[in-house]
Amino acid sequence: MLVLGWPEVYPRFLVPHPLNIAHLMLLNASLVLGTMGFLLAHRDAAEQALVRLASLDTLTGLLNRREWMQRAGRALGTAAEPAVLLMMDLDHFKRINDERGHPVGDDVLRLTGEVLKGELRASDIVGRYGGEEFCLLLQHCDPEAFSRLDERLHQALRRRCEASLGFTVDFSVGAVRVPPGEALAAAIKRADDQLYRAKHAGRGRTCCEDGVL
Numbered sequence: 022m023l024v025l026g027w028p029e030v031y032p033r034f035l036v037p038h039p040l041n042i043a044h045l046m047l048l049n050a051s052l053v054l055g056t057m058g059f060l061l062a063h064r065d066a067a068e069q070a071l072v073r074l075a076s077l078d079t080l081t082g083l084l085n086r087r088e089w090m091q092r093a094g095r096a097l098g099t100a101a102e103p104a105v106l107l108m109m110d111l112d113h114f115k116r117i118n119d120e121r122g123h124p125v126g127d128d129v130l131r132l133t134g135e136v137l138k139g140e141l142r143a144s145d146i147v148g149r150y151g152g153e154e155f156c157l158l159l160q161h162c163d164p165e166a167f168s169r170l171d172e173r174l175h176q177a178l179r180r181r182c183e184a185s186l187g188f189t190v191d192f193s194v195g196a197v198r199v200p201p202g203e204a205l206a207a208a209i210k211r212a213d214d215q216l217y218r219a220k221h222a223g224r225g226r227t228c229c230e231d232g233v234l
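Just so you know, we're using our numbering here: the sequence shown kicks off at 22 and counts up by one.
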């Protein structure tokens, strides 16, 4: 009689059957490959999360200064039309820290970040420049749209701080229109000059060069 198949039809008790060994090897290989795929996928996700965290200000959730400078610089380098650059500074912030404590000051900064993220467009580039100062680059923003945004930001921050903290907070802004090809550093210097004017004119206001409003 001719028998086809594995030569050892009946398993031996003391030695694992070759079919069982082959099955275990295939199972182990699939487990190893599956585990490697899982680890690689999660490694990529973890790396992306680390890159994202490295680009954000931990207190406000906005872009940090370095990342904002990079993104704003790229945007200006490829812009085909003028953009609007704003330097924004919270008024009397040192007094808030001194009189109400630094945790309350942190709350003000967090609320400011929430207001900016809530009021700005996805195409706008906004970051925390340092301390209580914020930087915004607005593309495709005509004078009428800028005026409406400026008023919304003032009102929104006052309302949020009043509702959450029991007192209002305002800010000053220096704004300039940036033509294509202008260096970011030069535009920031001009916006800082306008911010200085706003502070010395009484705070709680926006000062800008011609063409912004």
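Each residue gets a CB set at the ideal place from its N, CA and C atoms; glycine is no exception.
Please read all numbers here as calculations on a predicted model, not as lab measurements.
Note down the Cα distance separating residue i from residue j, rounded to an integer number of angstroms.
{"i": "Arg149", "j": "Val129", "result": "13 Å"}
{"i": "His113", "j": "Thr56", "result": "55 Å"}
{"i": "Ala212", "j": "Thr227", "result": "11 Å"}
{"i": "Arg235", "j": "Leu54", "result": "Any property of residue 235 remains undetermined from this structure, which presents the chain solely from 22 to 234."}
{"i": "Leu47", "j": "Gly58", "result": "17 Å"}
{"i": "Gly139", "j": "Ala177", "result": "9 Å"}
{"i": "Asp119", "j": "Arg224", "result": "19 Å"}
{"i": "Val190", "j": "Ala208", "result": "27 Å"}
{"i": "Cys156", "j": "Arg121", "result": "25 Å"}
{"i": "Glu131", "j": "Leu80", "result": "Sequence check: residue 131 is Arg here, not Glu. About 6 Å."}
Just reading off the alpha helix (DSSP H) that residue i is part of, what are its end residues?
{"i": "Ala219", "result": "205-221"}
{"i": "Asp163", "result": "No alpha helix (DSSP H) holds Asp163; DSSP gives it neither H nor E."}
{"i": "Ala142", "result": "Reading the sequence as shown, one finds Arg at residue 142 and not Ala. No alpha helix (DSSP H) holds Arg142; DSSP gives it neither H nor E."}
Classify residue i as helix, strand or coil using the three-state DSSP reduction.
{"i": "Cys182", "result": "helix"}
{"i": "Ser51", "result": "helix"}
{"i": "Arg226", "result": "coil"}
{"i": "Leu25", "result": "Legend: pLDDT at Leu25 = 49, less than 50; position of this residue unreliable, value from coordinates given subsequently. Looking at Leu25 - three-state DSSP - the assignment turns out to be coil, as it is neither helix nor strand."}
{"i": "Phe59", "result": "helix"}
{"i": "Arg116", "result": "helix"}
{"i": "Gly122", "result": "coil"}
{"i": "Thr133", "result": "helix"}
{"i": "Thr189", "result": "coil"}
{"i": "Gly98", "result": "helix"}
{"i": "Asp231", "result": "coil"}
Following the continuous beta strand (DSSP E) through residue i, name the residue where it begins and the one where it ends.
{"i": "Phe192", "result": "192-199"}
{"i": "Gly148", "result": "146-151"}
{"i": "Val105", "result": "104-111"}
{"i": "Phe155", "result": "154-160"}
Kindly identify the DSSP beta-bridge partner or partners of residue i.
{"i": "Leu77", "result": "Leu84"}
Would you say the segment 166-183 touches the segment 89-100, given that touching needs at least three Cβ pairs under 8 Å?
no
Closer than 8 Å is the cut-off here; do at least three beta carbon pairs connect the segment 182-197 with the segment 79-90?
no
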